[in-house]
Amino acid sequence: MMKTSIACMLALAGLATTADAQVRISQIFGAGGATPGNFGCPAYSHDYVELFNAGTTAVNIAGWRLQYASATGSFSASTNRVTLPAGATIQPKGYYLVQLNTIAPATTGGCVYLPVPANFVGVGTGTGGSATSINASATAGKLVLVDAAATLLTSGAAGNCVSSGPGIIDFVGYGASIENTTCFEGPTGPVISLGNTFAAFRLGDGCRDNNNNSGDFTRSNPNPRNAASPINDCTGIIDCDGSGVDDVLQINANGGVGGFGGTLDCNSNGQLDACEINAAGGVNGIGGVFDCDGNGELDSCQIATNPAADCNINGRLDSCEILINAGLDSCNNNGIIDACETPGPGQDCNNNGRIDCWDLKTGVLTDADANGTPDVCEGAIVVEAATNATVQGAGVRQTTNGNNFFNIQSANAATNASYGALRWANADLGAASPSRVYLYLQQGNAGFTNSGGTSDVQLSFSDNDALDISVPTFPATNTNAVLANFATDHASRLVITTYDFVQGSGIGVFGDATGSGTTEGYKLFDAAGTNTAGGDAIASEITSGTGDLTLVLNAVDATVSATYAGRTNANYRGPSLVIFPGGTVACDDIDFNNDEVFPSDQDVIDFFDVLAGGVPATCDAVVGCNDIDFNNDGVFPSDQDVIDFFNVLAGGTCPQ
Numbered sequence: 000m001m002k003t004s005i006a007c008m009l010a011l012a013g014l015a016t017t018a019d020a021q022v023r024i025s026q027i028f029g030a031g032g033a034t035p036g037n038f039g040c041p042a043y044s045h046d047y048v049e050l051f052n053a054g055t056t057a058v059n060i061a062g063w064r065l066q067y068a069s070a071t072g073s074f075s076a077s078t079n080r081v082t083l084p085a086g087a088t089i090q091p092k093g094y095y096l097v098q099l100n101t102i103a104p105a106t107t108g109g110c111v112y113l114p115v116p117a118n119f120v121g122v123g124t125g126t127g128g129s130a131t132s133i134n135a136s137a138t139a140g141k142l143v144l145v146d147a148a149a150t151l152l153t154s155g156a157a158g159n160c161v162s163s164g165p166g167i168i169d170f171v172g173y174g175a176s177i178e179n180t181t182c183f184e185g186p187t188g189p190v191i192s193l194g195n196t197f198a199a200f201r202l203g204d205g206c207r208d209n210n211n212n213s214g215d216f217t218r219s220n221p222n223p224r225n226a227a228s229p230i231n232d233c234t235g236i237i238d239c240d241g242s243g244v245d246d247v248l249q250i251n252a253n254g255g256v257g258g259f260g261g262t263l264d265c266n267s268n269g270q271l272d273a274c275e276i277n278a279a280g281g282v283n284g285i286g287g288v289f290d291c292d293g294n295g296e297l298d299s300c301q302i303a304t305n306p307a308a309d310c311n312i313n314g315r316l317d318s319c320e321i322l323i324n325a326g327l328d329s330c331n332n333n334g335i336i337d338a339c340e341t342p343g344p345g346q347d348c349n350n351n352g353r354i355d356c357w358d359l360k361t362g363v364l365t366d367a368d369a370n371g372t373p374d375v376c377e378g379a380i381v382v383e384a385a386t387n388a389t390v391q392g393a394g395v396r397q398t399t400n401g402n403n404f405f406n407i408q409s410a411n412a413a414t415n416a417s418y419g420a421l422r423w424a425n426a427d428l429g430a431a432s433p434s435r436v437y438l439y440l441q442q443g444n445a446g447f448t449n450s451g452g453t454s455d456v457q458l459s460f461s462d463n464d465a466l467d468i469s470v471p472t473f474p475a476t477n478t479n480a481v482l483a484n485f486a487t488d489h490a491s492r493l494v495i496t497t498y499d500f501v502q503g504s505g506i507g508v509f510g511d512a513t514g515s516g517t518t519e520g521y522k523l524f525d526a527a528g529t530n531t532a533g534g535d536a537i538a539s540e541i542t543s544g545t546g547d548l549t550l551v552l553n554a555v556d557a558t559v560s561a562t563y564a565g566r567t568n569a570n571y572r573g574p575s576l577v578i579f580p581g582g583t584v585a586c587d588d589i590d591f592n593n594d595e596v597f598p599s600d601q602d603v604i605d606f607f608d609v610l611a612g613g614v615p616a617t618c619d620a621v622v623g624c625n626d627i628d629f630n631n632d633g634v635f636p637s638d639q640d641v642i643d644f645f646n647v648l649a650g651g652t653c654p655q
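Under numbering that gives the first Met the number 0, the first residue of the sequence shown is numbered 0, with each subsequent residue one higher.
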């Protein structure tokens, strides 16, 4: 309940009256009628909010409004709200139950739902009251109760948790963390995330109100109470651990003051730490979501005392994350999350502040020749495809999938049968006379892949650069290229290699499906070896520096289904050409910091900053700045790199 300002999070323009101030939100359930998923069956058919009157007089709540907003969203004056009907009253020490939605319960999953014994069904237009549908989240959201005279809230997003007028009666935010839920009462955070099988309960059956959501609430099995339920006179003690001793007395006896802080309430939210741990799956104050290392201390308090224990600042102890997902520390297994590790000498060839092995895992760096050294550190030019497309029976697949992935699927995939098309502008490839050229791929969305037999996928050079393989905006489809026309559209294609596709083991970092992140590298050309006609054509196009280079990948085996990350994939690198220069050395491009603004003074500044050993903040956050071997002659740092950089900046050729 809110009787003063919401500490640190909400500023109020007014206060409720004395009688109104005794009313508070006492229970929230947001999983009504949901499918079981991985979280079990919800007990009730609909979402609900329970109100409680802790005062000694009845309170007229007719015209009061409940507003709902998503965890990070803003409240609306026109949607996601319920107005209580004429005649609505909460008796002293009594409850009032509001059903939030009338969405039909799920019919799959085998769940049996109990009806909500509501005093008011808050959907549609009720007698003397009105509503628009509220469908609360089962895991994270926020609810506010305002009186009949209050201006409805329109705030709620991060940095904008301010009331627009007087009359706020109560405010509750629930979710996993401060980052997860933007607004709540109190200094320490929202109510813990609920899920399908839990409701948020105000302690003391509605009596506990210290204007602190995380301390005033716990979660338990839903148990809605209505106007017919027994009254609660709030004369009993709050004893969350069943010890027979009031929680406040326990806290104060162990260093707390006024029921907050001390050794039993490390986050000073007024609730025993052991009870918080138990409410999140712990047993006897140990384990569960809030005590992942099982030492009986809230993880949040350990992190507050030692911020280094959460290097990626996600509210979870690094040690627990590594135990759950060993892929986070698979570079060197030293107990430090790879993404956080400070590189040592020789461990950061692209100067982006992260160890190279992490960059190799996530595709920031490539190792197409699988020799253990990042390609760019060996002087290679690495260029991601300008276009990657999945060409199906109806044409090029539209976004959002069209750029994030590309698929090669056999006829067994029916309407999803497809080939992959990749294209680069030769002007982006450095106009080098290559010694070696590789195609680098990372499996993505790999849960949908299927290893075939042998010689599953055919990789070919295509001279049909005029074929439009651009990816249209959803829901359109580009029908310039269709699967049925593969043989004619690419009739003159030159096969480079045929390879076996195998769903990999993945990198185990982002929680993706098995296989995702697995890297593949295919040699397209080798000046020191024997090449196919397709390989020779690729080398010739790269050297020309004009026109486009097009590759196509099609299924040969009848069962194969290969899916790779595309150029806009959030986690992995899209298809890339890795070019090792040969007789004619190509310089890097002049967009040194990879911010796609060039030529620019910032590129010059960053070039000299890296040359001096710095790590500029203006380097691209993902790929970093280029290395300082600008002319890729393998000698760096050198005066010649500086000379060639300024020569190219002035429009000259490389090398000078």
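Every residue, glycine too, gets a C-beta built ideally from N, C-alpha and C.
As the structure is a prediction and not an experimental result, all values here were calculated from the model.
Around the beta carbon of Thr181, a 10 Å sphere encloses 16 or more other beta carbons of the protein chains shown; the residue is thus reported as buried. Judged by DSSP in its simplified three-state form, Thr34 adopts coil rather than helix or strand.
Its Cα nearest to that of Gly345, the residue Cys376 stands out among Asn332, Cys376, Gly166, Asn370. By the neighbour-count criterion, in which a residue is buried when 16 or more other Cβ atoms sit within 10 angstroms of its Cβ, Asp467 is exposed.
Only residues of its own chain outside the window of five on either side were considered, and among them Ser25, Gln26, Tyr94, Leu96, Pro223, Arg224 have a CB closer than 7 Å to the CB of Glu49, listed in chain order. Burial check for Thr138: the Cβ neighbour count within 10 Å reaches 16 or more, so the residue is buried. When DSSP states are grouped into helix, strand and coil, Gln408 belongs to the strand group. With a cut-off of 8 Å on Cβ pairs, the stretch 50-62 is in contact with the stretch 191-206, counting three or more such pairs. Per the Cβ contact rule, the stretch 533-551 is in contact with the stretch 413-431 (3 or more Cβ pairs under 8 Å). When DSSP states are grouped into helix, strand and coil, Lys360 belongs to the helix group.
The DSSP-derived three-state label of Ala564 is strand.
In this chain, the beta strand (DSSP E) harbouring Ser69 covers 64-69.
For Thr304, the uninterrupted alpha helix (DSSP H) segment begins and ends at 298-304.
In this structure, Leu83 sits away from Asn134, with a CB-CB distance that is not shorter than 9 Å. CA-CA distance, Phe500 to Ala486, rounds to 22 Å. Partner residues in the beta bridge of Lys141, as assigned by DSSP, are Ala68, Gly172. The closest CA to that of Leu550, considering only Leu458, Tyr563, Asp626, is found on Leu458. Separation of Ile168 and Asn210 (C-alpha to C-alpha, rounded to the nearest whole angstrom) is 11 Å.
Across the structure, Ile627 and Pro598 are spaced so that their CA atoms are roughly 17 Å apart. The beta carbons of Gly352 and Val614 sit closer together than 9 Å. A Cβ-Cβ distance of about 6 Å is found for the pair Ser213 and Val190, placing them in contact under the 8 Å criterion. CA-to-CA, the gap between Asn553 and Thr453 works out to about 14 Å. The stretch 503-557 contains, as complete beta strand (DSSP E) runs of 3+ residues, the segments 518-525, 547-554 (chain order). DSSP places Asp602 within a helical segment (H, G or I) once states are collapsed to three.
For Leu421, the pairing in a beta bridge is given by DSSP as Asn387, Leu550.
Less than 9 Å divides the Cβ of Thr365 from the Cβ of Thr518. In the DSSP annotation of this structure, the continuous segment of the alpha helix (DSSP H) that includes Leu322 starts and ends at 317-323.
Distance from the CA of Ile302 to the CA of Glu296, rounded to the nearest whole angstrom, comes to 11 Å. Distance from the CA atom of Gly520 to the CA atom of Phe606, rounded to whole angstroms, is 30 Å. Going by C-alpha positions, Thr562 is about 23 Å away from Gly533. Along the stretch 49-116, the beta strand (DSSP E) occurs as fully enclosed runs of 3 or more residues at 64-69, 80-82, 94-98, listed in sequence order. The beta carbon of Cys330 sits closer than 8 Å to the beta carbons of Asp337, Glu340, Ile354, Cys356, Trp357, Lys360 from its chain, once the five residues preceding and following it are set aside; these are given in chain order.
The way I'd put it, the stretch 228-235 doesn't touch the stretch 247-261; fewer than three beta-carbon pairs between them come closer than 8 Å. If the five residues before and after Asp347 are omitted, its C-beta is found closer than 8 Å to the C-beta atoms of Arg353, Ile354, Asp355, all from its own chain and listed in chain order. The straight-line gap separating the alpha-carbon atoms of Cys310 and Gly334 is approximately 12 Å.
For Asn592, the closest alpha carbon among the candidates Thr567, Pro574, Asn625 is that of Asn625.
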